[in-house]
Amino acid sequence: MKELSYLNKYFIKYKYSFSLGILITIIAQIFSLFTPKLISKSLNAIEKFDKLPKAEQTSQVVIDSYRDGLIHNVLLIIATTIVAGFLTFLMRQTLIVMSRHIEFDLKNEVFKQYENLSQNFYKQNRTGDLMNRISEDVSKVRMYVGPAVMYTINTFIRFAIVIIYMYNVSPLLTLYTILPLPILSYCIFKLSSEINKRSTTFQQYLSKVSSFSQEIFSGIRVIKANSLENQHQNNMVALADESKKKSLDLAKVQSLFGPLMIALIGISNLVVIYFGGVMYINGTIPNIGTIAEFILYVNMLTWPVASLGWVSSMVQEAEASQKRLNEFLKLEPEIKNKNENSSDIQGSIAFENVSYTYEDTNIEALKNVTFTVKKGETLAILGKTGSGKSTILSLISRLYDVTEGRITIDGNEISTLNLNDLRNNIGIVPQDAFLFSDTIKNNIKFGNQNATDKQVIEAAKNAVVHDNIAAFNKQYDTILGERGITLSGGQKQRVSIARAIIKNPAILLFDDCLSAVDTETEETILNNLFEICKDKTTIIVSHRVSSAKNADNIIILEDGRIIQQGSHNQLINQEGYYASLYLKQLSEKELL
-1 MKELSYLNKY FIKYKYSFSL GILITIIAQI FSLFTPKLIS KSLNAIEKFD
49 KLPKAEQTSQ VVIDSYRDGL IHNVLLIIAT TIVAGFLTFL MRQTLIVMSR
99 HIEFDLKNEV FKQYENLSQN FYKQNRTGDL MNRISEDVSK VRMYVGPAVM
149 YTINTFIRFA IVIIYMYNVS PLLTLYTILP LPILSYCIFK LSSEINKRST
199 TFQQYLSKVS SFSQEIFSGI RVIKANSLEN QHQNNMVALA DESKKKSLDL
249 AKVQSLFGPL MIALIGISNL VVIYFGGVMY INGTIPNIGT IAEFILYVNM
299 LTWPVASLGW VSSMVQEAEA SQKRLNEFLK LEPEIKNKNE NSSDIQGSIA
349 FENVSYTYED TNIEALKNVT FTVKKGETLA ILGKTGSGKS TILSLISRLY
399 DVTEGRITID GNEISTLNLN DLRNNIGIVP QDAFLFSDTI KNNIKFGNQN
449 ATDKQVIEAA KNAVVHDNIA AFNKQYDTIL GERGITLSGG QKQRVSIARA
499 IIKNPAILLF DDCLSAVDTE TEETILNNLF EICKDKTTII VSHRVSSAKN
549 ADNIIILEDG RIIQQGSHNQ LINQEGYYAS LYLKQLSEKE LL
């Protein structure tokens, strides 16, 4: 129960619903206990009538008296049963609805934590597993805060009230009746620990199936292109088969509860009949109605006792699921907003001896990097793959914090700025353009939800993608497939550029975002961008000299260090990487 203690804050939040549910449960149980008492009273009346002299048994007055008494008892049984049923309905409405609210809150908390956790977390965890936790694991937890809690409260209250009633009638017979309960408790303890272990294993395999499926669906084009459907089908069958075995192992243990509970209840009934009969014969129990009353009490305990196994199973599964949720719910995000006050971002950026090492791979991506970009200037960053270009953009948008050195924005250390204001003032076009399964218009408006249709079209024209969109049947209302699969690579990049432009931020970051477009389109886009970015701080990462030549400053990275720095004219006249790249790409252009 240690892991489930995390949920106590929700019980406190909904304490009024919780308390009301308990109160209704107590009242419902009291009304349900009228039935055995009334039946006992009726049987005792019949027994008493049977012992009357024959002359009195034939008297119409006596017959009417006993008949009226029985009818009165029957009507009371019906009335109390209806009231108990209605109160049980209210109990379910109160406690089960409360569990749905907790499920809603917990899913939102999990999702918010997903959003707050750093990039390193997503490098170490698979998407399918994260999806399984927010769906399957949260559902398991809801079964604990709802049905499990409700039936547990119901069971304990019914036990307490029934045992008190039974004890008042016959302490000795009550003792005989509850003799099987210690055996039941021991069996539940042993089975619960086994369920916990098997439930954890099953959830882990379920996550593996989800992760495997998600990766296959995401990479279906690659799989089809290489005709690997059968291979991955076999892998899926093997994984699903192993998951099925774990599920069956869990089901086998869970299936023991039902028969065990019914057997123990049956034993309790036999105990009541045997010892109650002996006590009646010996005169310890004054009337036969007491035995019937005890049998009804025992059967009233049948479902609560039988539900102990089900409840115990739900609790164990919920604890295993909550443990998986707690693994990251209790994680502190590496990137924290240390300033709740608003920050005015103008766009001047300075790197001072910045070094960064990736935690998961221990690769030192940047080593003592120093440069300055003033507001309104454009910086181009070139270098070989893995030289640290994208890392610089990630540090500016504070997806990571520097290992050594410092980054300042407008003279203020980046970690002291309001994180939301910082990112709201940055428009970034990533290397791998990501689009959502929504309309093209909404994908562009993602950068500015309040943008008008006119602004959307203007942004698309500046990104040189308007003509492509206009050619679609539904134009800007065209629904894109997953990850924007409807569009070509170049079109996705240009829609991403339009999304960044429409945001109208103080800082624009372009991470090799023109790699999938032809040189003519690239030239048009760059001319548009330089016009748009006159008053913005712009950083362009590229492998092409054509993307960098108009920048105010150019830096060349190699193995995380700056090996060259200057303007286009300065660098082409220096022997080194930039001049070599310029001549190589110039000759390739001439050949074309």
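Going by our numbering, the residue at position 315 of the sequence shown is 313; the numbering climbs one at a time, nothing skipped. The beta-carbon is built from N, C-alpha and C at its ideal position, and this holds for glycine as well. Computed from a predicted model, the values in this text were never measured in an experiment.
For residue i, the nearest candidate out of the options (CA to CA)
i    : options                : result
V108 : I94, L93, N130, A546   : N130
N655 : A496, K244, V235       : This structure gives no information on residue 655, because the portion of the chain shown stretches from -1 to 590.
S116 : Y356, K532, T376, L506 : Y356
S395 : S385, T383, E402, L415 : L415
G83  : A26, R124, N106        : A26
S319 : I483, V136, L478       : V136
Q91  : S15, K138, E315, P34   : S15
I407 : L397, E521, Q344, I438 : Q344
L248 : G281, K195, V81        : K195
I214 : L204, Q231, Q202       : Q231
D127 : L18, S205, M141        : S205
L579 : S494, S486, H541, I37  : H541
F273 : Q201, P169, P180       : P169
F87  : I37, M148, G409, L73   : M148
R140 : Y8, V160, T359, I426   : Y8
V160 : E291, N360, C531, R124 : E291
K105 : K121, R124, I132, K188 : I132
V235 : Y203, I218, L258       : Y203
L73  : I37, V207, Y354        : I37
E362 : E556, V543, K121       : E556
A458 : V493, Q122, Y354, V367 : V493
S544 : K532, T198, G558, I523 : I523
V76  : K242, I560, P34        : Residue 76 is actually Ile in this sequence, not Val. Nearest C-alpha to I76: P34.
I553 : Q252, L380, T153, Y474 : L380
Coil, strand or helix - residue i by DSSP
i    : result
D239 : helix
E227 : helix
G381 : strand
R196 : helix
A431 : coil
I176 : coil
S388 : helix
Y580 : helix
T23  : helix
I162 : helix
T437 : strand
I477 : strand
T456 : In the sequence under discussion, the amino acid at residue 456 is Glu, which differs from the Thr named in the question. Here E456 sits in helix by DSSP.
L589 : Because L589 carries a pLDDT of 41, less than 50, the predicted location of this residue cannot be relied on, and the following value inherits that uncertainty. In this structure, L589 counts as helix in the three-state DSSP scheme.
R421 : helix
I618 : In the structure displayed, the chain extends from -1 to 590; residue 618 sits before or after that span and is not available.
I523 : helix
Strand pairing of residue i, partner residues [DSSP]
i    : result
G564 : I552
Y354 : L364
L507 : I426, I537
R559 : E556
R124 : Beta-bridge pairing links R124 to no other residue.
N410 : I407
F369 : F349
E402 : S353
I214 : Per DSSP, none; premise fails for I214.
T376 : T536
CB contact below 7 Å: residue i versus chain C
i    : result
T519 : No chain C appears in the structure shown, which is made up of a single protein chain.
Assigned exposure category for residue i - 16 Cβ within 10 Å defines buried
i    : result
D510 : buried
D66  : exposed
P302 : buried
N423 : buried
A469 : exposed
R591 : Outside the shown range of the chain (-1 to 590) lies residue 591, about which nothing can therefore be said.
G574 : exposed
G275 : exposed
T172 : buried
K501 : buried
F508 : buried
K334 : exposed
P591 : One cannot answer for residue 591 here, as it falls past the ends of the chain, which runs -1 to 590.
S225 : exposed
G281 : exposed
| field | Inter-stretch contact at 8 Å, needing at least 3 Cβ pairs: the stretch 308 to 317 / the stretch 95 to 112 | value | Short answer: they don't touch.
| query | Should the stretch 436 to 452 be regarded as contacting the stretch 516 to 530, the criterion being three or more beta carbon pairs within less than 8 Å? | reply | Output reads no: the stretch 516 to 530 does not touch the stretch 436 to 452.
| query | Are at least three pairs of beta-carbons, each pair with one atom in the stretch 533 to 553 and one in the stretch 362 to 374, less than 8 Å apart? | reply | Taking 8 Å as the limit for Cβ pairs, the verdict is that the stretch 362 to 374 does touch the stretch 533 to 553.
| query | Counting pairs of Cβ atoms below 8 Å between the stretch 336 to 352 and the stretch 318 to 326, do you hit three or more? | reply | Between the stretch 336 to 352 and the stretch 318 to 326, the count of C-beta pairs closer than 8 Å stays below three; the two stretches do not touch.
| Contact between the stretch 541 to 551 and the stretch 372 to 392 (3+ Cβ pairs under 8 Å) | Flag = yes, the stretch 541 to 551 and the stretch 372 to 392 touch.
| query | Is the stretch 287 to 298 close to the stretch 252 to 270, with three or more CB pairs under 8 Å? | reply | A contact is defined here as three or more CB-CB pairs under 8 Å, and the stretch 287 to 298 meets this definition with respect to the stretch 252 to 270.
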